[in-house]
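Protein chains in written order, with my numbering: chain A, 6 to 106; chain B, 1314 to 2289. Remarks on the structure that follows.
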């Protein structure tokens, strides 16, 4: 399997280690009300689709980037790969990102 | 017998041995052709009934002629004689027979044939269940064996490599050669792989001419041009065995299988080929027409007879008959006649067929039986109501050709039934980037193969922006097969479909009667296609028989799923040389060389080789060495290489905030120049890893991890940095291998270090417990010092750039002679930490919590950190087991890790289980064995006597619950 690394181009999947569902990017706030329920879902509940899946891969034998790879779990077709950092930052508000006002 | 001509080198003779008897062959021969040349037709015994068997095929699809090749450690079972290239002094043995191939006592199974039918094992050996493992399976395995393993280590080297190309061409027959020529001339990077040792594929087996010249002349011209094309790589003796994702193909090159001894070469190489486009030009496999007793040695596929005659100049007999349902059988007759073989008759199932040469045709007829115990003697021909016995030593059967669609279907695309050709052709949904040409695509005439290969190459290269043009191709035959389907000949007795697994037409019918309606069920019930040949000559025929039963038609019956590998792949080559010490990387600590010179015994710790203990002259038992090292450390000073602990350098304006979120305890309040113990939890709340966090500067930290978790903790830290909190200004790098680090522990530790530091004040007032600093040692060598203690003694860890580690170790021991400086290994390290009650991997095993480790209050509720929320789950908080020290009441008794803890007098069962022992050792300090363990309500049970149960060794030992800190519970030593 080949993974299209956004910085390094096509890289062999052997260079990566796999973590799983990219929903792990959305870590709940541990100080919020009902944090226990939110963490229960975060830690234990995953979608396991037969089809398009967004998942986390770590380029461990490479540049140590975490990637969000969109992969069809049925055909193994890879529909895209982004730096997880960019994905995570996009979900932040401008203030959280530290952008100038 | 040997005929004239052929592609063999008669100027040289090769001697070889089969079943102890010596024979002669020539370069160019396979073991199979050489045996035929010596009139050896009987080559094996069938799997189940031990029927005498000979060759069916001439290629990799051969189901019968499996031999043990070579001897000693190189003995390789189940090698197809058709794929074994002959070399001088080759040794081969037939298999699955006893005492000899000609007389096999196990053929008694034949008498029970009525019982050994489809599903026999499933039906018979169901009960009693316990008998399966002890009785049935071993007995069946003995009786139904294939070859024997050598049971010795493989002496040969294997390799693996990566290749990339624009176009991978699988198969170097007419289609593959035309494609490779087209693509290579067009400038594409091309790999041409073929399982054979000669390029040409089926062209080598036929008598066709190309442009009115022998095909071998055209092949020679193409090969000569290939030699001048640097963008083409030819891989002969290479089987592309699997199509994997994204244009990745697995291939095995038999680099030196054709030699007795590989010498310095690898025996085989595993290639991982990444191809932008792939052309499958793997040809086709001929199919049999099962009839009664169709498995006698001498009954072969017609195309194989032709191949043996044309390429290898051999024939299994002087007088040969043909049984066909298409024009191919007549081609075989003509080729054999041309080489001086007598044709007894061509039995053609079609009506009104005439001979194409000087031979007898019996049209509208079938072969309905055969005779000959160890080899064919005659066949029974039925025409209308009358039968005739015809004497012949061999029979060529031509039932049509099945395209080799395997690789095209490795991504679950199902082959499509083509009614006009009466074959399965490749699926519409091919693996991405693949195209199929030639006979594999159902375009099997020489003309069609050449043209389809070249055209397909032009088309796929165009897709990737390479302009290739059609080459001028030689004129070639283009005759249709005129096939009229005949799948099997009905008869009273058994007619074999799958020769290797002994599956007959009757078995397929029985399977249908027993309601196995899916083709997948048929396969598993009868074991059809499940042998080492994966049913290459059998599957389609069986489907046709099944379709006949169900009346559904072959298209609707469908095929089973094709999976890699196409042909068997040895485990050795899959390992690719990663065996023994090469199984994984081996890491040496910086002081490894010095430790070796000091008599260290090493232990594998993950990838690391660590000094376990240092044997001094006179020490005969490891305990003597370990006890001495422990005592020397507590009395004087000990030195241990702790480089293997993971080290991560953390820098950035938000480094403090970042670490505060990673560790469950507070890190932001750590002052510059100080170190703090840190505990990391998993997000599910369980304790995960511990280490120290040293703040070397305002925005600069160095954290350590356990040796075992160095990789995973670093991965997790990068996850947290990039995925959870990308807004933080923090950078990480692993520096585990960059810094050599030594623990210097014991009452003399300060005195020793004072001898190497460059004017640095190590006094207790200036450099307190848990302090850290950058400094220089030994006259200018940059270093880091941390006043931390794993042993409970006054201790420091000193780090220097890794390349100075060996020298520093030697220097410290030398300078500390008068202080009792003693190197210690991992065993003493373990004893020292158990005596001090420090948790390590045994306690941090992923099933324990901070609370169990006695660190529940460390988990800060004032901040959010990984695992903090989940660590407060009721279920985890309700667990009262905590870490305690354990000491035998009778000092002579052992403490065994893994023992379970019970109240005295309690029955010992799961319900009354109160905990377990995690770590144990002999403590020179205490003078007895001691242990650490998790005990229910442990905090309140100091002084109580409990029982440690070790049912494996039938032990019950009375233990007293004590503080986990056997040494210096107040911590005076480490603050001294």
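Beta carbons: idealized from backbone N, C-alpha and C, even for Gly.
* Straight-line CA distance for residue 2022 of chain B to residue 2001 of chain B? -> In this model, residue 2022 of chain B and residue 2001 of chain B are separated by some 9 Å (Cα to Cα).
* To do: For residue 2091 of chain B, return the contacting residues in chain A, with the cut-off set at a CB-CB distance below 9 Å.
  => Within 9 Å Cβ-Cβ: nothing; residue 2091 of chain B doesn't reach chain A, min ~34 Å.
* Asked: If you count every other CB in all the chains shown that lies within 10 Å of the CB of residue 1702 of chain B, and 16 or more means buried, which is it?
  -> In summary, residue 1702 of chain B is exposed, with fewer than 16 beta-carbon neighbours lying within 10 Å of its beta-carbon over all protein chains present.
* Residues bridged to residue 2200 of chain B by DSSP? -> BP columns for residue 2200 of chain B point to B:2273.
* Consider the Cβ of residue 58 of chain A: report whether some Cβ of chain B lies at a distance smaller than 9 Å. => For residue 58 of chain A, the answer is no, since every Cβ of chain B falls outside 9 Å of its Cβ.
* Are there three or more Cβ pairs, one per stretch, closer than 8 Å when the segment 1731–1744 of chain B is compared with the segment 1609–1623 of chain B? -> Judged by Cβ distances under 8 Å, the segment 1731–1744 of chain B makes no contact with the segment 1609–1623 of chain B, as fewer than three pairs qualify.
* Per-residue burial, residue 1899 of chain B [other beta carbons within 10 Å of its own, 16 or more giving buried] -> With fewer than 16 other Cβ atoms within 10 Å, it is exposed.
* DSSP-derived helix/strand/coil call for residue 2265 of chain B -> In this structure, residue 2265 of chain B counts as coil in the three-state DSSP scheme.
* Asked: Counting contacts by CB-CB distance shorter than 9 Å, is residue 1722 of chain B in contact with chain A?
  -> It does not; no Cβ of chain A falls within 9 Å.
* Secondary structure of residue 1464 of chain B, DSSP reduced to three states -> Here residue 1464 of chain B sits in coil by DSSP.
* **CB contact below 9 Å: residue 1587 of chain B versus chain A** => Taking Cβ atoms only, chain A reaches closer than 9 Å to residue 1587 of chain B, which makes this a yes.
* Please classify residue 1651 of chain B: does DSSP put it in a helix, a strand, or coil? => Three-state DSSP puts residue 1651 of chain B in a helix.
* Establish whether the CB of residue 81 of chain A and some CB of chain D are separated by less than 9 Å. => Protein chains in the displayed structure are A and B, and chain D is not among them.
* Kindly list, in the order they appear in chain B, the residues whose Cβ is closer than 7 Å to that of residue 65 of chain A. => The contacting residues are 2028.
* Taking only runs of the beta strand (DSSP E) that begin and end inside the segment 2189–2256 of chain B, which ones reach a length of at least 3 residues, in chain order? -> Runs of the beta strand (DSSP E) inside the segment 2189–2256 of chain B: 2195–2201, 2213–2216, 2228–2236, 2241–2248.
* Asked: Just curious, the alpha helix (DSSP H) that residue 1834 of chain B is in, first and last residue?
  -> It spans 1832–1839 - the alpha helix (DSSP H) in which residue 1834 of chain B sits, taken as one unbroken run.
* Burial state of residue 1461 of chain B, where buried means 16 or more other Cβ atoms lie within 10 Å -> It is exposed - the Cβ of residue 1461 of chain B has fewer than 16 other Cβ atoms within 10 Å.
* Asked: Quick one: complete alpha helix (DSSP H) runs, 4+ long, within the segment 1559–1600 of chain B?
  -> DSSP runs (the alpha helix (DSSP H)) wholly in the segment 1559–1600 of chain B: none.
* Work out the CA separation of residue 10 of chain A and residue 57 of chain A for me, nearest whole Å. => Using only the alpha carbons, I get a separation of about 18 Å.
* For residue 44 of chain A, which residues in chain B fall below 8 Å Cβ to Cβ? -> Under the 8 Å cutoff, chain B gives 1996, 2182, 2183.
* Nearest-angstrom Cα distance between residue 2151 of chain B and residue 1382 of chain B? -> It is roughly 58 Å from the alpha-carbon of residue 2151 of chain B to the alpha-carbon of residue 1382 of chain B.
* Asked: From the DSSP output, which residues share a beta bridge with residue 1800 of chain B?
  -> Answer by DSSP bridge pairing: none, since residue 1800 of chain B is not bridged.
* Run through DSSP, which three-state label would residue 1965 of chain B get? -> Coil, per DSSP.
* Between the Cα of residue 88 of chain A and those of A:49, A:36, A:74, spot the shortest distance and give me the residue it belongs to. => Of all alpha-carbon atoms in A:49, A:36, A:74, the one lying nearest the alpha-carbon of residue 88 of chain A is that of A:74.
* Proximity to residue 1975 of chain B [Cα-Cα], best of B:1560, B:1958, B:2185, B:2030 -> With distances taken between Cα atoms, residue 1975 of chain B lies closest to B:2030.
* Asked: Among residues of its own chain, excluding the 5 on either side of residue 1551 of chain B, which ones have a beta-carbon nearer than 6 Å to its beta-carbon?
  -> These residues qualify, in order along the chain: 1506, 1564, 1566.
* Would you kindly work out how many angstroms separate the C-alpha atoms of residue 2066 of chain B and residue 1587 of chain B, rounded to a whole number? => One Cα belongs to residue 2066 of chain B, the other to residue 1587 of chain B, and the distance between them is close to 56 Å.
* Report the partner residues of residue 1637 of chain B according to the DSSP bridge assignment. => Under DSSP, residue 1637 of chain B shares a beta bridge with B:1661, B:1711.
* Drop a sphere of 10 angstroms on the beta-carbon of residue 1464 of chain B, count the other beta-carbons inside from all chains shown, and report buried for 16 or more, exposed for fewer. => Exposed is the call here.
* State the Cα-Cα distance for the pair residue 16 of chain A and residue 2231 of chain B, rounded to the nearest angstrom. => Separation of residue 16 of chain A and residue 2231 of chain B (C-alpha to C-alpha, rounded to the nearest whole angstrom) is 43 Å.
* To do: Determine whether the Cβ of residue 51 of chain A lies closer than 9 Å to any Cβ atom of chain B.
  => Cβ-Cβ to chain B under 9 Å: no for residue 51 of chain A.
* What are the start and end residues of the beta strand (DSSP E) that includes residue 2040 of chain B? -> The continuous stretches of beta strand (DSSP E) do not include residue 2040 of chain B, and DSSP gives it neither H nor E.
* Asked: What does residue 74 of chain A touch in chain B if you count any residue whose Cβ is under 8 Å from its own?
  -> Simply none; closest approach about 12 Å.
* To do: Classify residue 2087 of chain B as helix, strand or coil using the three-state DSSP reduction.
  => Here residue 2087 of chain B sits in strand by DSSP.
* Does the beta carbon of residue 12 of chain A sit closer than 9 Å to a beta carbon anywhere in chain B? -> By this cut-off, residue 12 of chain A is not an interface position.
* Taking the Cβ atom as the reference point for each residue, do residue 1950 of chain B and residue 2132 of chain B lie within a distance shorter than 9 Å? -> Cβ distance < 9 Å, so residue 1950 of chain B and residue 2132 of chain B count as in contact.
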